[in-house]
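28 is the number of the first residue of the sequence shown in our numbering; add one for each residue after it.
Ideal placement from N, C-alpha and C gives every residue a C-beta, glycine not left out.
It should be emphasised that the depicted structure is a prediction, and the values quoted were computed from it without experimental measurement.
Here the structure is laid out as structure tokens; the discussion comes afterwards.
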Amino acid sequence: MTATEPQATRARRPEPFAAPKGVPEYYPAESAGFVHVRDTLAGAAARAGYGHIELPVFEDTGLYARGVGESTDVVSKEMYTFADRGDRSVTLRPEGTAGVVRAVIEHNLDKQGLPVKLRYAGPFFRYERPQAGRYRQLQQVGVEAIGVDDPALDAEVIAIADEGFRALGLTGYRLEITSLGDADCRPAYRERLQAFLAGLDLDEATRARAAINPLRVLDDKRPEVRAAMADAPLLMDHLSDASAEHHARVLGHLDDLGVAWTANPRMVRGLDYYTKTTFEFVHDGLGAQSGIGGGGRYDGLMATLGGPELSGVGFGIGVDRTLLACRAEGVQPWSDARVEVFGVALGDTAQRRLVTVAAALRARGVRVDLSYGGRGLKGAMKSADRSGARFALVLGERDLGNGTVGLKDLASGEQQDVPLDAVTDAVVTALAG
Ligand code: HAM
Numbered sequence: 028m029t030a031t032e033p034q035a036t037r038a039r040r041p042e043p044f045a046a047p048k049g050v051p052e053y054y055p056a057e058s059a060g061f062v063h064v065r066d067t068l069a070g071a072a073a074r075a076g077y078g079h080i081e082l083p084v085f086e087d088t089g090l091y092a093r094g095v096g097e098s099t100d101v102v103s104k105e106m107y108t109f110a111d112r113g114d115r116s117v118t119l120r121p122e123g124t125a126g127v128v129r130a131v132i133e134h135n136l137d138k139q140g141l142p143v144k145l146r147y148a149g150p151f152f153r154y155e156r157p158q159a160g161r162y163r164q165l166q167q168v169g170v171e172a173i174g175v176d177d178p179a180l181d182a183e184v185i186a187i188a189d190e191g192f193r194a195l196g197l198t199g200y201r202l203e204i205t206s207l208g209d210a211d212c213r214p215a216y217r218e219r220l221q222a223f224l225a226g227l228d229l230d231e232a233t234r235a236r237a238a239i240n241p242l243r244v245l246d247d248k249r250p251e252v253r254a255a256m257a258d259a260p261l262l263m264d265h266l267s268d269a270s271a272e273h274h275a276r277v278l279g280h281l282d283d284l285g286v287a288w289t290a291n292p293r294m295v296r297g298l299d300y301y302t303k304t305t306f307e308f309v310h311d312g313l314g315a316q317s318g319i320g321g322g323g324r325y326d327g328l329m330a331t332l333g334g335p336e337l338s339g340v341g342f343g344i345g346v347d348r349t350l351l352a353c354r355a356e357g358v359q360p361w362s363d364a365r366v367e368v369f370g371v372a373l374g375d376t377a378q379r380r381l382v383t384v385a386a387a388l389r390a391r392g393v394r395v396d397l398s399y400g401g402r403g404l405k406g407a408m409k410s411a412d413r414s415g416a417r418f419a420l421v422l423g424e425r426d427l428g429n430g431t432v433g434l435k436d437l438a439s440g441e442q443q444d445v446p447l448d449a450v451t452d453a454v455v456t457a458l459a460g
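Here's what the structure looks like:
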């Protein structure tokens, strides 16, 4: 439809659609930051030998019910679960660990040497109440190391996350760490905590929560509950010898690696599979949704999901929140520029020539865009500026006759003529300068 069509024939435009609530979208220029954050975090994992795994985005609902825990908020309240056309109950993945463990068991990946080291990146889905930093489609980069119960591996996983954050230039975060013990000390501690809770004057809802998972009450944010819990027994004080030694060795490795940590014996994670080492990276510039990453050991999960008795440790880092953290700190180690060079052709013959110049430059690895649609010099130069390019290549009929092309530095405004038949070398040299 054009503006010149008569009023009577103009059809009413349908209402445009909006993206689902609570789902962030990343488009240029911001998407450059998203891609940089994701790839930096994944790169730190790749350098430590974690191979990429591409997981299904939906799985059998039972995988999460059994793997993550039916009493967790994630499983009981936040899953996107539906029956597919074959009447199977499937769920959009709320997290990655259960899927990785399922894949390791299904494909016998543990038979090819241990630990199995895997990394993943992509969207996860939780039906949470959307707010700043809390989304219904969230993006994570994660790693899982399965099959070796070595404190040095816990420290490696934590150090990878730390290295990723540091590579982005972040400084305003801290690592909180604790131990959730093992099968030898958790049951006795649970009873101890339940006995303590029985002596408190708690409301019905909290009491019901305590019956399912008493550890959750340690994390209650209400001042009156916090006060009542001040003297609650802490698992860190009741660890088995093996768990205590494991924890001490993890902390020792972190010290060796120069990774600063803070003990948080009241940490409670939202997923039920954790044992021993449990940690969170917390950023102070993000308000309520301050967790930029978290993880830990899950030594029973392989067996729970029907696999061999193998341990595991890993993390999930929130890419969305890490990008917010970069913004909060004002760090931007990436460029918003779409391209390095923008070609401006004046006239058809010039355009034919510049199209081939662009192709030759792209073949050399230079990012190049062109003005299209026969725009005039002014409009085309505006596009060049918007693209973020360092240089414009300006080619008019007169330049063609001279066998030259104008190479304009868009920051300084300086322009020089370079020979058309040597333009690729000239541009590559200018970009290196
Ligand atoms: P999680 O703590 O549930 O752990 O999620 C990891 C990270 O994902 C969080 O620290 C946060 O940055 C981000 N995140 C979670 N929910 C949201 C949301 N609604 N909006 C934005 N970001 C969010 C796990 O998922 C475990 N699978 C991590 C793990 C791997 N543990 C062992 N291996």
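In whole angstroms, what is the alpha-carbon distance linking residue i and residue j?
{"i": "residue 374", "j": "residue 351", "result": "44 Å"}
{"i": "residue 418", "j": "residue 435", "result": "5 Å"}
{"i": "residue 386", "j": "residue 360", "result": "28 Å"}
{"i": "residue 470", "j": "residue 250", "result": "What the structure shows of the chain is the stretch from 28 to 460, and residue 470 is not part of that stretch, so it cannot be assessed."}
{"i": "residue 549", "j": "residue 452", "result": "Beyond the ends of the chain as shown, which are 28 and 460, falls residue 549; an answer cannot be given."}
{"i": "residue 187", "j": "residue 320", "result": "12 Å"}
{"i": "residue 89", "j": "residue 369", "result": "52 Å"}
{"i": "residue 235", "j": "residue 124", "result": "28 Å"}
{"i": "residue 441", "j": "residue 311", "result": "44 Å"}
{"i": "residue 438", "j": "residue 281", "result": "45 Å"}
{"i": "residue 163", "j": "residue 330", "result": "30 Å"}
{"i": "residue 82", "j": "residue 144", "result": "14 Å"}
{"i": "residue 313", "j": "residue 346", "result": "13 Å"}
{"i": "residue 114", "j": "residue 135", "result": "28 Å"}
{"i": "residue 388", "j": "residue 379", "result": "15 Å"}
{"i": "residue 357", "j": "residue 60", "result": "12 Å"}
{"i": "residue 137", "j": "residue 383", "result": "51 Å"}
{"i": "residue 398", "j": "residue 415", "result": "14 Å"}
{"i": "residue 153", "j": "residue 277", "result": "31 Å"}
{"i": "residue 355", "j": "residue 146", "result": "27 Å"}
{"i": "residue 274", "j": "residue 45", "result": "48 Å"}
{"i": "residue 92", "j": "residue 107", "result": "12 Å"}
{"i": "residue 293", "j": "residue 255", "result": "14 Å"}
{"i": "residue 193", "j": "residue 184", "result": "15 Å"}
{"i": "residue 326", "j": "residue 390", "result": "49 Å"}
{"i": "residue 67", "j": "residue 53", "result": "17 Å"}
{"i": "residue 333", "j": "residue 456", "result": "59 Å"}
{"i": "residue 171", "j": "residue 127", "result": "8 Å"}
If you count every other CB in all the chains shown that lies within 10 Å of the CB of residue i, and 16 or more means buried, which is it?
{"i": "residue 449", "result": "exposed"}
{"i": "residue 344", "result": "buried"}
{"i": "residue 79", "result": "exposed"}
{"i": "residue 165", "result": "buried"}
{"i": "residue 376", "result": "exposed"}
{"i": "residue 512", "result": "In this structure the chain extends from 28 to 460, so residue 512 is not present and cannot be described."}
{"i": "residue 139", "result": "exposed"}
{"i": "residue 167", "result": "buried"}
{"i": "residue 302", "result": "buried"}
{"i": "residue 204", "result": "buried"}
{"i": "residue 196", "result": "exposed"}
{"i": "residue 41", "result": "exposed"}
{"i": "residue 424", "result": "exposed"}
{"i": "residue 156", "result": "exposed"}
{"i": "residue 454", "result": "buried"}
{"i": "residue 198", "result": "exposed"}
{"i": "residue 446", "result": "exposed"}
{"i": "residue 296", "result": "buried"}
{"i": "residue 308", "result": "buried"}
Using DSSP bridges, identify the partner residues of residue i.
{"i": "residue 79", "result": "146"}
{"i": "residue 166", "result": "150"}
{"i": "residue 421", "result": "371, 433"}
{"i": "residue 320", "result": "308, 344"}
{"i": "residue 200", "result": "310"}
{"i": "residue 117", "result": "87, 109"}
{"i": "residue 172", "result": "144, 340"}
{"i": "residue 397", "result": "370"}
{"i": "residue 161", "result": "158"}
{"i": "residue 444", "result": "433"}
Measuring only from the beta carbon, is residue i closer than 7 Å to any heavy atom that is part of the ligand SAM?
{"i": "residue 347", "result": "Judged by which ligands are present, the ligand SAM is missing from the structure shown, whose ligands are the ligand HAM."}
Spatial neighbours of residue i within its chain, please: C-beta separation below 8 Å, excluding the five flanking residues on both sides.
{"i": "residue 253", "result": "247"}
{"i": "residue 366", "result": "394, 395, 396, 414, 415, 416"}
Spatial neighbours of residue i within its chain, please: C-beta separation below 7 Å, excluding the five flanking residues on both sides.
{"i": "residue 298", "result": "95, 96, 99, 101, 122"}
{"i": "residue 224", "result": "237, 241, 244"}
{"i": "residue 337", "result": "137, 173, 174, 329"}
{"i": "residue 49", "result": "157, 162, 163"}
{"i": "residue 427", "result": "376, 377, 380"}
Spatial neighbours of residue i within its chain, please: C-beta separation below 6 Å, excluding the five flanking residues on both sides.
{"i": "residue 10", "result": "Absent from the model: residue 10. The displayed extent of the chain is 28 to 460, so no value can be given."}
{"i": "residue 465", "result": "One cannot answer for residue 465 here, as it falls past the ends of the chain, which runs 28 to 460."}
{"i": "residue 372", "result": "378, 381, 422"}
{"i": "residue 324", "result": "302, 303, 304, 340"}
{"i": "residue 56", "result": "363"}
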